[in-house]
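K.L.:
I am attaching a structure below and will ask some questions about it afterwards.
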Amino acid sequence: METRSRAGQPLRCPGPIAFVFSGGSSLGALHAGMLRAVHEAGLVPDFLVGTSAGALNAAFVGKGLTAGRLSELAGVWAGMKTKDVFPGLGVWSSLRAALGSGTLASPAGLERIIERHVAATHAELAIPTAVIASDLATGSAVAFREGDLRRHVLASSAIPGVFPPVTVEGRTFVDGGVSAHVPLLPAGDLGAKTMVVFDTGFP
């Protein structure tokens, strides 16, 4: 595939091209700026692969990679507060978690965010999107590519100890970052020849 950079020079990228989104919790906000730069350069993905916060971003832009959509994504992150994502986080939840009788936060806030901004199923997306979650029994990375997109993103974002694990088709999953913080191997397994990697890293 050949596109052109802002300098007018051709960008020769063998396809399929995958946009690969890392995890990173609140650092997932950085993906919005990275996406804007890549979009301005004219790169177009054949499919998306995301883990944890990156899964949320991938599912969001899977509806369509446009300038308006990217501005909307930036607005979502700019308006998000800690209490929106981690409701119930506090002394008592910490104590319950330490005693092994609960998690640090309720998943209700994350569920609301996902329901508000993510399509119900993979089939509704304009760009094929793989969501990576970690199988709790085996520790392996699993790529969800069809079915209940919202549940898959919830599973991919289920930080151990912070949110409860998520059951999908009889198997239990936790945050995709446990097995694939930057899901390069899953993207390769899905056939990517070129990977544009959106890695937030850690502060």
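Residue numbers (our numbering): 61 to 263. Glycine included, C-beta positions come from ideal geometry on N, C-alpha and C.
1. Would you report the Cα separation of residue 227 and residue 185, rounded to the nearest angstrom?
2. Return the CA-CA distance between residue 94 and residue 258, expressed in angstroms with no decimal places.
3. Quick check: the Cα distance between residue 81 and residue 208, rounded to an integer number of angstroms?
4. What's the C-alpha gap between residue 91 and residue 117?
5. Taking C-beta to C-beta, are residue 199 and residue 239 nearer than 7 angstroms?
6. If you drop the 5 nearest sequence neighbours on each side, which residues of the same chain put their C-beta closer than 8 angstroms to that of residue 105?
7. Do you know offhand how far residue 222's Cα is from residue 72's?
8. Does residue 246 come out as helix, strand or coil in the three-state DSSP assignment?
9. When you compare only the Cα positions, how much space is there between residue 137 and residue 75?
10. Would you please state the rounded distance, in angstroms, between the beta carbons of residue 194 and residue 146? I believe it to be under 8 angstroms.
11. What does the alpha-carbon distance come out to for the pair residue 181 and residue 254?
12. Indicate the three-state DSSP secondary structure (helix, strand or coil) for residue 120 in the structure shown.
13. Mapping the DSSP letters down to three states, classify residue 216 as helix, strand or coil.
14. Ignore the nearest five residues each way along the sequence and tell me which others in residue 122's own chain have a CB closer than 6 angstroms to its CB.
15. Measuring alpha carbon to alpha carbon, tell me which residue in 175, 219, 224, 251 is nearest residue 203.
16. Quick one: is residue 50 buried, meaning 16 or more other Cβ sit within 10 Å of its Cβ, or exposed?
17. Taking all protein chains shown into account, do 16 or more other C-beta atoms lie within 10 angstroms of the C-beta of residue 144, making it buried, or fewer, making it exposed?
18. Residue 130 and residue 260 - do their beta-carbons sit closer together than 7 angstroms?
P.N.:
In short, the structure shows the following:
1. To locate residue 227, count along the sequence shown from 1; it is residue 167. To locate residue 185, count along the sequence shown from 1; it is residue 125. Put simply, the backbone Cα of residue 227 is about 23 angstroms away from that of residue 185.
2. Residue 94 sits at position 34 when you count from the first residue of the sequence shown. Residue 258 sits at position 198 when you count from the first residue of the sequence shown. One alpha carbon belongs to residue 94, the other to residue 258, and they sit about 7 angstroms apart.
3. As a first step, residue 81 is located in the sequence shown; it is residue number 21 there, counting from the start. As a first step, residue 208 is located in the sequence shown; it is residue number 148 there, counting from the start. When rounded, the distance between both Cα atoms is 20 angstroms.
4. Counted from its first residue, the sequence shown places residue 91 at position 31. Counted from its first residue, the sequence shown places residue 117 at position 57. If you take the alpha carbons of residue 91 and residue 117, they lie about 8 angstroms apart.
5. The count along the sequence shown starts at 1 and reaches residue 199 at position 139. The count along the sequence shown starts at 1 and reaches residue 239 at position 179. Yes, the pair counts as a contact, with Cβ atoms nearer than the cut-off.
6. As a working mapping, residue 105 is identified with position 45 in the sequence shown. So the list reads 77, 78, 79, 125, 187, 256, once near-sequence residues are dropped.
7. Along the sequence shown, read from residue 1 onward, the residue named residue 222 stands at position 162. Along the sequence shown, read from residue 1 onward, the residue named residue 72 stands at position 12. Those two C-alpha atoms are separated by around 42 angstroms.
8. Here residue 246 corresponds to residue number 186 of the sequence shown, with the count starting at 1. Secondary structure at residue 246: helix, using DSSP grouped into helix, strand and coil.
9. Taking the sequence shown and counting its residues from 1, the one referred to as residue 137 is at position 77. Taking the sequence shown and counting its residues from 1, the one referred to as residue 75 is at position 15. Distance between the alpha carbons of residue 137 and residue 75: 30 angstroms.
10. Here residue 194 refers to the residue found at position 134 of the sequence shown. Here residue 146 refers to the residue found at position 86 of the sequence shown. Not confirmed; about 20 angstroms, so no contact.
11. Numbered from 1 along the sequence shown, position 121 holds the residue referred to as residue 181. Numbered from 1 along the sequence shown, position 194 holds the residue referred to as residue 254. In this structure, the straight-line span from the alpha carbon of residue 181 to that of residue 254 is close to 26 angstroms.
12. To locate residue 120, count along the sequence shown from 1; it is residue 60. DSSP places residue 120 within a helical segment (H, G or I) once states are collapsed to three.
13. In the sequence shown, residue 216 corresponds to position 156, counting from 1. The DSSP-derived three-state label of residue 216 is helix.
14. In the sequence shown, counting from the first residue as 1, residue 122 sits at position 62. The residues are 108, 185, 187, 189.
15. In the sequence shown, residue 203 corresponds to position 143, counting from 1. Ranking the options by Cα distance to residue 203, first place goes to 251.
16. A query on residue 50 cannot be resolved here, the shown segment of the chain reaching from 61 to 263 and no further.
17. Translated into positions along the sequence shown, residue 144 becomes position 84. Its Cβ having fewer than 16 others within 10 Å, residue 144 is exposed.
18. Counting from one through the sequence shown, the residue named residue 260 turns up at place 200. Counting from one through the sequence shown, the residue named residue 130 turns up at place 70. Contact flag unset, no.
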